[in-house]
Amino acid sequence: MIKNMFFGLFYIIVCLLIGLYILRITSKDVDDDVIMKISIYPTAVLDETYLFVVRSDKMLEVSKGVRKHQTFDSDFFLRKVIDMKKRKLTAEESKVLLDAANRIEETSDNFTKELIADGWDVSIYYKGKIMDLNYYGNESVDLDVLVNQLITLSPITVDLHGWS
19 MIKNMFFGLF YIIVCLLIGL YILRITSKDV DDDVIMKISI YPTAVLDETY LFVVRSDKML
79 EVSKGVRKHQ TFDSDFFLRK VIDMKKRKLT AEESKVLLDA ANRIEETSDN FTKELIADGW
139 DVSIYYKGKI MDLNYYGNES VDLDVLVNQL ITLSPITVDL HGWS
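With our numbering as the guide, the letters of the sequence shown map in order to residues 19 to 182.
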């Protein structure tokens, strides 16, 4: 009787350990190859949020949806995805994006984000750092280069319209 209880307990522990190991591997693989995440979103609403993910295999994933949080320090930044497409970047396209991101990261401490109603903001996750910036009214040429390049390369239409 005690031998059967011990065997049952051992079996349950082994199953739990295997399950936790598989869960860890699965969740780890999802973001291991992410080089950069960029979100472009309206300041006044959660809708119309664009999320760009650049992966190490030069794959650009673009999602449009409704965001759940103001910043993407969570894995579940978008609560509802309306459209999502992927596109392979060329070496030159990838270089332009990464060069602009490097320059932004080097000077990001010099920027102050202001509260602007009815505008667009940009959040960049790069090199373990999250940079929250205003898109309109910013003084960074590199941010303009990065956003314009992402809009050009995007496999889905990006509409950064104004409100009146």
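Where a beta carbon is used, it is the ideal one built from N, C-alpha and C, also for glycine.
Roughly how many whole angstroms lie between the Cα atoms of S81 and D65? 12 Å
Name the one or two DSSP bridge partners that T67 has. G83
Would you list the one or two residues that DSSP bridges to K147? Y144
Given this structure, state the Cα-to-Cα distance separating L178 from A118, to the nearest angstrom. 20 Å
S112 vs M149 beta-carbon contact at 8 Å: no
Thinking C-alpha only, which one of L38, R97, A62, T108 is nearest D139? A62
Compute the Euclidean distance between the alpha carbons of I20 and Y29, then round it to the nearest angstrom. 14 Å
Whole alpha helix (DSSP H) elements within the region 152 to 179, 4-residue minimum: 159 to 171
Starting from S112, trace the alpha helix (DSSP H) in both directions and tell me its first and last residue. 109 to 125
Counting C-beta neighbours from all protein chains within 10 Å, is the total for S74 16 or more, i.e. buried, or is it exposed? exposed
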